[in-house]
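In terms of our numbering, the sequence shown opens at residue 10 and continues consecutively. A virtual CB, placed ideally from N, CA and C, is assigned to each residue, including glycine. Every value quoted in this text rests on a predicted model; they were computed, and no experiment measured them. Notes follow once the structure below has been shown.
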Amino acid sequence: MAPAPLGALASSTSHRLTAKSVALGAAAVSARTISFALASSAAAASTSDTVPAWREHAALVMGFVSIACWVTVYTPQLLENYRNKSAEGLSTAFVLIWLAGDALNWLGAFLQGLLWTQIALAGYYVFCDIALLWQAWYYTKYYLNGLPIQRHPLAHGTVVPGSNGHTETTPLLHNNNQPGASTITNASAISISRRPSKKQQFLLWGTAIGFVTAVGVISFFMLKPKGPHQSPPDVELPSPDGPSAGIPKHEWRWDAQIYGWASAFLYLASRIPQIIKNRKTYCEGLSMALFVFALLGNSTYVASIMLKSLDPDYLLENASWLVGSLGVVFLDFVVLAQFVKYAPEREKIRLQVEAAAEAEAQAQAHLSGRSVPV
């Protein structure tokens, strides 16, 4: 057999690399909303047979950055709950609705036979949701105001060290003139007293940002088109070995649309209970990083869709994912605005908690006949 021409070999190699990149990108971009994989390739094919390689490259990078954000998003809140021994700042309804959306994605991954990476990532999100709910249950059952409940071995009663007879619903400070004082509990006081140091915060944020940045940089160079001095080749969609292989052009996937709109509704609805709760707790016990990285994850997710095409038909087929992600971005901005708005209240309460702790120490010292240096 005569050897293939050099141009044909180059074209074949480029096509194989492109197909692999598209498959990887589809797995990454669609991981948070699994059903996106069912519609994106077919929609793109219905609007155009080719997509410029630079846009496909950028879409893939945005997809991997989005995944990195979602992998990171849970860790700060899990650490916050662990440090406070309380999940009081997190709305249980928020996590339950979030879990429903993630479970729907996981179910969709199994039913549609998507890539194992998509199934694994969807399962990871469900696992983290359950971990947050487990923390809420565990710290409510075995801790009170951030302190372990001491159970008498021969009796059913409990003794809470340091509780002084207060309960979870006892006001932080018995000053009814303070706006919102009746909604700030002793567990919130524990949260304030256990805030991480600036060094610890720098380490947490630095690690999270470094991880997301590293994923973006690595994916940029690994998926970069070969030949910097050559015009970028076109990328054919859909990929023959991607999760949407075999989907005919101009096909409207009703299963994908149902999953998309259902998950969009759940993700949008999940933020409402948390926003309402923040008005009562001043965002105390809530990790800002959770919403920062959720916002970044949804923003880059939308960017990965928009980079593929701006054709009206394509955008219409992806409307559920765009509406869901952009809507959640807006609500996450609302939560972050609450963090800023209530910062003076949290600082005021922090000072009051410190003053109350100092007064209690003085009283204890007086009763024991000791003096405490000021």
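Where residue i falls: helix, strand or coil (DSSP)
| i | result |
| --- | --- |
| leucine 376 | helix |
| proline 205 | coil |
| leucine 153 | strand |
| proline 321 | helix |
| proline 61 | strand |
| isoleucine 76 | helix |
| arginine 359 | helix |
| arginine 262 | coil |
| glycine 117 | helix |
| tyrosine 91 | helix |
| glycine 294 | coil |
| asparagine 327 | coil |
| glutamate 367 | helix |
| isoleucine 158 | coil |
| leucine 99 | coil |
| lysine 289 | helix |
| leucine 340 | helix |
| glycine 132 | helix |
| proline 234 | coil |
| glycine 215 | helix |
| leucine 108 | helix |
| glycine 225 | helix |
| glycine 333 | helix |
| leucine 142 | helix |
| glycine 269 | helix |
Backbone CA spacing between residue i and residue j [nearest angstrom]
| i | j | result |
| --- | --- | --- |
| alanine 328 | tyrosine 134 | 23 Å |
| leucine 212 | leucine 299 | 15 Å |
| arginine 64 | valine 301 | 26 Å |
| glycine 122 | alanine 109 | 20 Å |
| proline 353 | histidine 66 | 44 Å |
| proline 61 | proline 282 | 42 Å |
| methionine 231 | isoleucine 358 | 49 Å |
| glycine 174 | leucine 153 | Caution is warranted here: a pLDDT of 43 is assigned to glycine 174, below 50, making its placement in the model unreliable, and the coordinate value is therefore given only provisionally. Distance between the alpha carbons of glycine 174 and leucine 153 is about 11 Å. |
| isoleucine 158 | tyrosine 151 | 6 Å |
| aspartate 111 | phenylalanine 136 | 10 Å |
| glycine 215 | arginine 92 | 19 Å |
| glutamine 373 | alanine 366 | 11 Å |
| glutamine 210 | glycine 294 | 14 Å |
| glutamine 406 | serine 377 | An answer regarding residue 406 cannot be provided, because it is not within the stretch 10 to 383 covered by the chain. |
| serine 272 | tryptophan 330 | 9 Å |
| lysine 208 | aspartate 264 | 48 Å |
| tryptophan 270 | glutamate 326 | 11 Å |
| leucine 345 | tryptophan 143 | 25 Å |
| tyrosine 8 | threonine 222 | There is simply no residue 8 to check, as the chain begins at 10 and stops at 383 in what is shown. |
| tyrosine 83 | leucine 105 | 14 Å |
| glycine 333 | phenylalanine 342 | 14 Å |
| histidine 238 | proline 205 | With a pLDDT of only 44 at histidine 238, under the threshold of 50, the placement of this residue in the model should not be trusted; the figure read from the coordinates follows. Going by the C-alpha atoms only, they are around 50 Å apart. |
| tyrosine 351 | isoleucine 284 | 12 Å |
| methionine 315 | glutamate 363 | 50 Å |
| leucine 116 | leucine 141 | 20 Å |
| leucine 120 | glutamate 369 | 60 Å |
Same chain, Cβ closer than 7 Å to residue i, five either side skipped, listed in chain order
| i | result |
| --- | --- |
| phenylalanine 220 | Ala77 and Thr81 |
| alanine 102 | Pro282 |
Residues that residue i bridges to, as DSSP identifies them
| i | result |
| --- | --- |
| proline 353 | None; proline 353 has no bridge partner. |
Contact set for residue i: own chain, Cβ-Cβ below 8 Å, skip 5 residues either direction
| i | result |
| --- | --- |
| tryptophan 107 | Asp138, Leu275, Tyr276 and Ser279 |
| proline 145 | Note that residue 145 is alanine in the sequence shown here, rather than proline. Same-chain partners within the cutoff: Asn90, Ala96, Leu99, Thr101 and Val104. |
| valine 224 | Phe73, Val74, Ile76 and Ala77 |
| leucine 88 | Leu213 and Ser296 |
| alanine 217 | Thr81, Thr84, Pro85, Ala298 and Phe302 |
| arginine 355 | Ile201, Tyr291, Cys292 and Glu293 |
Residue-chain proximity (residue i, chain C), Cβ-Cβ < 9 Å
| i | result |
| --- | --- |
| leucine 275 | Included in the structure is just one protein chain, with no chain C present. |
Neighbourhood of residue i by C-beta, 6 Å cutoff - its chain only, sequence neighbours within 5 removed
| i | result |
| --- | --- |
| proline 85 | Ser296, Ala298 and Leu299 |
| phenylalanine 229 | Val70 |
| serine 75 | Gly306, Thr309 and Tyr310 |
| alanine 118 | Ile43, Gln127, Ile128 and Ala131 |
| phenylalanine 348 | Cys292 and Met297 |
Legend entry - Cβ contact (3+ pairs, closer than 8 Å) linking the region 334-344 and the region 303-312: yes
Inset, instruction - Decide if the region 319-328 is in contact with the region 93-108; the criterion is three or more beta carbon pairs, one per stretch, under 8 Å apart. - result: no
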